[in-house]
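These notes are about the structure you will find just below.
Protein chains in written order, with full-length UniProt numbering: chain A, 1 to 313; chain B, 1 to 313; chain C, 1 to 313; chain D, 1 to 313.
Now the structure itself:
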């Protein structure tokens with residue numbers, strides 16, 4: 001059957017398509033995934049096939065083969081990551097903290113079930129241990145199965161994949177320390193499993209004690225667009241500031257490029273020193289919002305992006 | 001089908017969904033099939049999965065598992081048939097001609113690859129031979145595989161499935177006669193494979209000679225709605241009238257009910273004598289259009305419904 | 001209202017479009033109205049303009065100029081009536097009861113704010129008084145303004161337009177009797193204003209006492225499709241049967257055609273005797289459902305079609 | 001125009017909505033504008049009303065009142081600018097070239113009919129003459145009417161609005177020189193009016209000769225996203241490089257902030273020195289593409305973004 005049907009196996013000889021037939025069109029652009037970004041805004045992308053859908057204890061999950069973006073992971077109705085451009089997010093999440101650390105050896109990933117964060121971390125030759133702790137076994141399993149770009153990472157002996165709540169896991173590992181802890185979680189939505197991992201108490205009682213001397217914590221913190229940064233981004237930033245010492249970026253553009261060359265296997269597609277100087281310099285609107293933010297994220301005073309989790313009341 | 005959600009069986013322990021979990025929602029209602037009925041009119045139905053898509057020599061084909069209609073067959077972007085209500089179309093296509101014939105034994109189906117027309121015909125105890133001739137082997141194969149409601153029919157020894165152009169097949173069978181010939185073709189669209197099977201010359205030179213004495217020809221003839229009947233329906237009717245003797249319905253409501261009881265196995269869901277008297281009595285708008293139609297369908301003067309076939313120039 | 005309604009006048013000379021310019025396309029087919037028919041089924045039609053939108057005490061209302069259907073009235077998110085085919089519904093609602101009555105003079109319309117039901121009634125030369133009682137003044141006003149096909153009816157001196165709840169109005173008119181009472185209401189939806197006008201107590205205590213000797217009550221009763229008839233149609237039918245004597249259609253096809261000729265001005269587009277014999281003969285599925293229905297519609301045991309009214313809790 | 005545009009005035013007393021009524025919902029989120037970004041990707045935003053639609057000699061144009069973005073200008077089916085965030089684009093287009101010039105007095109805008117580019121330029125106290133030359137009078141007129149944020153700019157005596165093709169206008173003004181010329185054109189699409197204003201010959205023969213000594217030319221150059229930059233952006237950049245001397249940004253972050261304070265009235269919302277250093281530092285992907293681009297934009301070798309202009313063959 002090959003490329004466009006849902007099966008990974010030919011059903012039988014009769015159905016196999018001649019390789020010389022023209023690319024089909026018609027109905028193919030008529031299957032769509034529609035995501036409600038906000039109540040009054042949607043986007044829709046055409047599908048080749050539905051690779052997997054499921055409802056786990058925690059989340060609604062799906063893996064689509066989309067026409068514009070390749071394979072795309074959707075959790076609780078929100079696009080998390082897509083094959084064609086996931087490198088942008090994952091390079092930016094992983095390399096800056098690891099490169100700012102003098103010699104990162106042990107890394108802990110909160111979430112990250114897709115495997116791409118682990119893949120980027122494992123490119124660092126200094127790293128000898130990565131613990132990836134995701135709550136949802138089904139996500140991990142089908143990403144392992146379908147996302148061939150991460151196969152090598154999933155098979156790397158330095159990687160330890162744990163199915164558990166990141167908080168419980170970090171609390172259990174009382175004697176361990178990590179040089180870098182990476183929060184690769186879904187955005188906080190009502191009814192979803194992640195919002196408790198953006199709170200001050202979690203950062204203070206659970207994350208910080210697990211960092212080694214000079215250790216670095218980094219987390220994705222939701223959308224940071226010209227308006228969307230007001231949803232959760234500024235509030236998470238302000239919460240981090242209460243707990244962690246602010247770490248000015250101590251290395252220059254040139255030093256970052258040098259360390260990439262020395263420590264990272266292969267070539268980054270997106271991130272280098274110059275890219276980092278651009279993406280880490282915020283515009284006036286967002287800078288003002290960060291400056292004015294006073295809200296601290298707690299379980300009782302959480303904020304959410306637009307969406308609906310499985311366990312929403 | 002394999003390990004994706006298209007299977008009706010649990011695939012393996014890791015991925016199988018607990019039977020106690022609530023029905024998933026969220027993303028699941030966010031996969032849609034969208035059909036452009038006209039340039040300014042669409043309808044969209046939610047998908048559970050894409051069971052099959054393909055591009056054959058003749059057509060773009062797809063089988064979806066839809067949320068509102070069950071399994072649905074789409075050819076060249078147009079919904080042909082859906083599990084929940086296909087009985088309406090197929091009972092109305094098949095039973096009236098067979099019941100109006102005194103003793104139908106041999107039946108020829110032009111098209112009908114889905115298998116439902118054969119299923120209805122094979123319910124007639126008088127019938128001892130059904131030839132179903134569809135041009136598209138892939139359609140026949142996946143309908144045989146997925147449409148369990150037609151499995152028994154596909155396995156009936158009275159049924160002979162032929163993959164061929166219906167015109168070529170009828171012309172080849174020079175010595176054979178059929179008591180009923182049924183046209184179960186897709187609507188004529190530009191670039192599609194069917195429009196030549198709605199022409200006067202086809203009816204005259206190919207169909208009529210294959211009917212036995214007292215034989216009946218019936219064909220689906222496109223949409224017959226308050227406006228849509230003007231697309232192809234009246235013109236096909238007028239073309240038939242040039243070639244075939246008009247056969248007034250010779251049997252009463254009661255006689256139809258009696259013959260159903262005597263000759264048809266099982267119980268019809270939709271069609272009985274009363275239903276037939278209603279659906280065969282046309283409204284004033286359509287009657288006027290039929291009365292005023294002068295166009296005869298020929299290859300050089302074809303008409304089409306809205307849509308785009310694979311081989312459209 | 002101001003900002004979102006539309007003027008019927010050119011705003012100024014500069015903006016007027018040359019009459020020789022080609023019909024615009026592009027963006028114009030990109031404005032759509034989308035109606036959720038059920039949770040998993042939608043249809044979408046392209047808009048030329050939004051003529052009026054508003055939120056009254058009772059309902060959300062809108063009048064669109066649509067590309068496929070001309071002007072279309074939408075109440076509580078559901079398409080009620082469209083310019084191109086409203087004659088089908090209104091002819092079928094009005095003429096059968098009036099033609100079955102020997103000499104209808106006084107007619108009461110519950111609802112009907114659009115004006116089309118009044119228009120059809122006023123074609124009957126026997127009629128000398130029509131009371132149209134709609135709860136929503138805004139609907140009546142913009143239909144009067146925009147639906148030019150009903151202008152003559154709205155100006156007919158035999159028509160009395162009342163803004164009131166139909167129940168309250170009928171109860172107030174204690175001494176009056178009507179030869180025909182027509183229910184031209186929106187389908188019952190949760191939170192909408194109409195569902196109380198489909199109940200047994202309303203029919204019994206309010207409607208029946210206002211019918212003159214030999215008077216006829218007719219009501220629209222929701223969708224009657226192969227599946228949708230189970231939503232409210234069978235239940236309303238069963239409720240009517242508890243209250244009103246069943247009136248077999250006493251006149252033949254030919255007699256109906258004769259009375260149309262004698263009593264109805266102009267020519268019906270859709271309804272004649274033959275059409276009526278077809279549309280009033282139900283198919284086996286619906287007949288079975290009517291036969292088996294036991295539910296009686298009361299305020300405490302109401303049924304609804306899919307949708308959301310303004311005052312839904 | 002008449003019937004399909006919208007008045008800003010209440011039509012009459014009857015229709016005006018009580019100010020105490022709740023904001024309408026229901027149908028209101030059911031009117032959508034749908035833009036096809038690529039063949040397999042769309043986005044849709046909910047509409048309050050269609051303020052204006054038209055088809056001019058050059059373009060299909062529309063002004064919508066959208067729910068998520070306020071008023072939005074759409075040309076040839078593509079969203080050009082929206083009330084809530086147009087300041088980002090316009091501040092970034094205008095202020096960098098004017099601030100890099102020591103004393104900009106005369107400015108020419110190619111396109112810019114919306115008025116926002118003029119508004120930003122007119123904030124510069126050094127400027128004493130702005131010529132805005134747009135080909136489409138209808139766009140200019142309805143923007144003047146509806147975009148109140150630009151009213152003051154349209155009335156500024158320093159502004160001269162010309163309806164003409166920018167090329168023709170620049171060629172006509174043989175004796176004039178401009179300190180800054182701003183290209184505020186729609187993206188080049190097939191069949192649209194703008195693509196000839198992105199060519200080498202236009203830059204060389206028409207634009208460059210009209211720049212005064214030390215004059216600066218700036219142009220919008222299409223989307224610059226991680227993939228979309230390959231459509232036209234790199235090619236326009238490479239074309240500019242053939243014609244204009246590369247002007248390194250000679251002023252520092254601090255100097256830019258100082259000049260903003262000295263020369264620009266009011267406060268920028270988005271652009272300051274820090275923002276500029278970020279947005280003008282490109283990521284690795286885009287830098288590599290710019291470095292490798294060899295195509296030069298000419299009329300015979302044009303490139304286009306996805307879309308369809310009115311005069312597409």
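We put the CB at the ideal spot given by N, CA and C, even for glycine.
Check                                                                                                                                                                                                           : Outcome
So, at 7 angstroms on beta carbons, what are the nonlocal neighbours of residue 276 of chain A in its own chain, with the 5 sequence-adjacent residues on each side left out?                                   : 96 and 256
What residues from the region 242-271 of chain B come within 9 angstroms of chain C, judged by C-beta to C-beta, listed N to C?                                                                                 : 268, 269, 270 and 271
Closer than 7 angstroms: is that where the CB of residue 297 of chain C sits relative to any heavy atom of the ligand COA?                                                                                      : Among the ligands in the structure shown, none appear at all, so the ligand COA cannot be discussed.
Hey, quick one: how far does the alpha helix (DSSP H) through residue 130 of chain A stretch, first residue to last?                                                                                            : Here residue 130 of chain A belongs to no alpha helix (DSSP H); instead the beta strand (DSSP E) covers 129-134.
Name the chain A residues whose beta carbon is nearer than 9 angstroms to that of residue 284 of chain D?                                                                                                       : 268, 269, 270, 271, 272, 274 and 275
Within 8 angstroms (strictly less), CB to CB, does residue 20 of chain C reach chain D?                                                                                                                         : Summary for residue 20 of chain C: the model assigns pLDDT 33, below 50, so the residue's position carries little reliability; its value from the coordinates is reported in the next sentence. So no, residue 20 of chain C is outside the interface.
Chain D beta carbons: is any one of them nearer than 8 angstroms to that of residue 25 of chain C?                                                                                                              : Because residue 25 of chain C carries a pLDDT of 40, less than 50, the predicted location of this residue cannot be relied on, and the following value inherits that uncertainty. Closer than 8 angstroms: yes.
Among B/194, B/203 and B/236, which residue has its Cα nearest to the Cα of residue 243 of chain B?                                                                                                             : B/203
Give every residue of the same chain whose Cβ lies closer than 8 angstroms to the Cβ of residue 237 of chain C, excluding the five residues on either side of it in the sequence, and list them in chain order. : 221, 290 and 293
Mind listing the chain A neighbours of residue 33 of chain B? Cutoff is C-beta to C-beta under 9 angstroms, in chain order.                                                                                     : 27, 30, 31 and 32
Kindly say whether residue 49 of chain D, judged by its beta-carbon, lies nearer than 8 angstroms to any beta-carbon of chain F.                                                                                : Structure shown: chain F not included; protein chains present are A, B, C and D.
Between A/60, A/53 and A/100, which lies nearest to residue 273 of chain A when the distance is taken from Cα to Cα?                                                                                            : A/100
Beta carbon of residue 129 of chain C, beta carbon of residue 307 of chain C: below 8 angstroms?                                                                                                                : no
Given that residue 278 of chain B touches chain C, what residues does it touch there, using C-beta distances under 9 angstroms?                                                                                 : 277, 278, 279, 280, 281, 282 and 283
Using the beta-carbon of each residue, which ones in chain C are nearer than 7 angstroms to residue 45 of chain B?                                                                                              : 40 and 41
Opposite residue 71 of chain C in the DSSP bridges: which residues?                                                                                                                                             : C/65
Given that a residue counts as buried once 16 or more other Cβ atoms are within 10 Å of its Cβ, and exposed if not, what is residue 90 of chain B?                                                              : buried
So is residue 181 of chain D in contact with chain A if we call contact Cβ pairs under 8 angstroms?                                                                                                             : no
Of the residues that make up the region 77-93 of chain D, which ones have a beta carbon closer than 8 angstroms to any beta carbon in chain A?                                                                  : 84, 85 and 88
If I measure Cβ to Cβ from residue 167 of chain B and keep anything under 8 angstroms in the same chain, skipping five residues before and after, which residues do I get?                                      : 196, 197, 202 and 206
Given a limit of 8 angstroms on CB to CB distance, which residues of the region 222-238 of chain A reach chain D?                                                                                               : 226 and 227
DSSP three-state label for residue 227 of chain B, please.                                                                                                                                                      : coil
Skipping 5 residues on each side, what residues in its chain have a beta carbon closer than 6 angstroms to that of residue 60 of chain B?                                                                       : 76 and 310
Residue 290 of chain B by DSSP, collapsed to three states: which one?                                                                                                                                           : helix
Taking the alpha carbon of residue 110 of chain B as the reference point, which residue from B/92, B/299, B/102 and B/133 has its own alpha carbon closest?                                                     : B/133
Hey, residue 107 of chain B and residue 127 of chain B are a contact pair by Cβ (cut 8 angstroms); roughly how many whole angstroms apart?                                                                      : 6 angstroms
Between residue 27 of chain B and the rest of its own chain, which residues show a CB-CB distance below 7 angstroms, the 5 nearest in sequence each way excluded?                                               : Caution applies to residue 27 of chain B, whose pLDDT of 44 falls short of 50 and renders its modelled position unreliable; the value that the coordinates give is listed next. Counting only Cβ-Cβ distances below 7 angstroms, and skipping sequence neighbours, we find nothing.
Looking at the structure shown, is residue 92 of chain A part of a helix, part of a strand, or coil, going by DSSP?                                                                                             : helix
Taking 8 angstroms as the limit between beta carbons, can you name the residues of its chain near residue 82 of chain D, skipping five residues before and five after?                                          : 66, 69, 70, 71, 72 and 73
Reducing DSSP to helix, strand and coil, say where residue 271 of chain A ends up.                                                                                                                              : coil
Tell me, which residues are paired with residue 158 of chain D by DSSP?                                                                                                                                         : Residue 158 of chain D pairs with nothing; no bridge assigned.
I'd like to confirm the pairing. Which residues does DSSP put opposite residue 250 of chain D in its beta bridges?                                                                                              : Beta-bridge pairing links residue 250 of chain D to no other residue.
Excluding the 5 residues flanking residue 34 of chain D on each side, which residues of the same chain have their C-beta closer than 7 angstroms to its C-beta?                                                 : 42 and 44
Mind checking which residues open and close the alpha helix (DSSP H) that includes residue 243 of chain A?                                                                                                      : 233-243
For the beta strand (DSSP E) containing residue 219 of chain B, name the first residue and the last one.                                                                                                        : 211-219
Could you tell me which residues DSSP pairs with residue 110 of chain C in its beta bridges?                                                                                                                    : C/133 and C/183
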